[in-house]
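Residue numbers (my numbering): 2 to 151.
Think of the CB as a built atom: it goes at the ideal place given N, C-alpha and C, for glycine as much as any other residue.
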């Protein structure tokens, strides 16, 4: 039998702090995310350097922000870059991306499928095919199960 049964210190421990299934919404730092720099992207497109334009468009994604205007502007910037590529240059561009940028590219591809414009669906399907080949099925699963969207 215990010597000191009158203590109640064990009752002050918050067991939810130790529960790994306890969900905490991580929504900090989204106010200063402005999305990709459109001037840099446009300059790269005008110079014909589409790979640099793609890298610039995928830089600083507005994932944590709740401002829909910023997300729409970033989406239109990325889609402008994706539709400016020629079909035979897509594979080289996707191969130049790392795993995180391929996942981000997939997020923008699926976002583009939500609001199709003229001839964008065919181009997005080509991008999806090349991104799927580079990132695998895991990339699709990560994008579809991600809580943070672009």
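Residue from 87, 48, 105, 97 whose Cα sits closest to the Cα of residue 63: By 1-based counting over the chain shown, the position of residue 63 is 62. Nearest option by C-alpha distance: 105.
Whole angstroms is fine: what's the gap from residue 23's alpha carbon to residue 17's? Indexing the chain shown from 1 puts residue 23 at position 22. Indexing the chain shown from 1 puts residue 17 at position 16. C-alpha separation (whole angstroms): 7 Å.
Local Cβ density within 10 Å of residue 113, reported as buried at 16 or more and exposed below that: To locate residue 113, count along the chain shown from 1; it is residue 112. The residue is buried, with at least 16 neighbouring Cβ atoms inside 10 Å.
Among 134, 19, 34, 146, whose alpha-carbon lies nearest the alpha-carbon of residue 93? Here residue 93 corresponds to residue number 92 of the chain shown, with the count starting at 1. Looking at the Cα atoms, 134 is the closest of the given residues.
What does the alpha-carbon distance come out to for the pair residue 88 and residue 75? Residue numbering aside, residue 88 sits at position 87 when the chain shown is read from its first letter. Residue numbering aside, residue 75 sits at position 74 when the chain shown is read from its first letter. Each residue's alpha carbon lies about 22 Å from the other.
How should residue 1 be labelled, buried or exposed, when 16 other C-beta atoms within 10 angstroms of its C-beta is the threshold for buried? Outside the modelled stretch of the chain, which goes from 2 to 151, sits residue 1, for which no answer is possible.
Rounded C-alpha distance that separates residue 43 from residue 19: Start at 1 with the first residue of the chain shown, and residue 43 comes out as number 42. Start at 1 with the first residue of the chain shown, and residue 19 comes out as number 18. Going by the C-alpha atoms only, they are around 49 Å apart.
Using the beta-carbon count (16 or more within 10 Å), is residue 123 buried or exposed? The residue you call residue 123 lines up with position 122 of the chain shown. With fewer than 16 Cβ atoms within 10 Å of its Cβ, residue 123 is classed as exposed.
Could you pull out every unbroken alpha helix (DSSP H) segment of at least 4 residues lying fully inside the segment 72-145, listed in chain order? 91-96, 100-115
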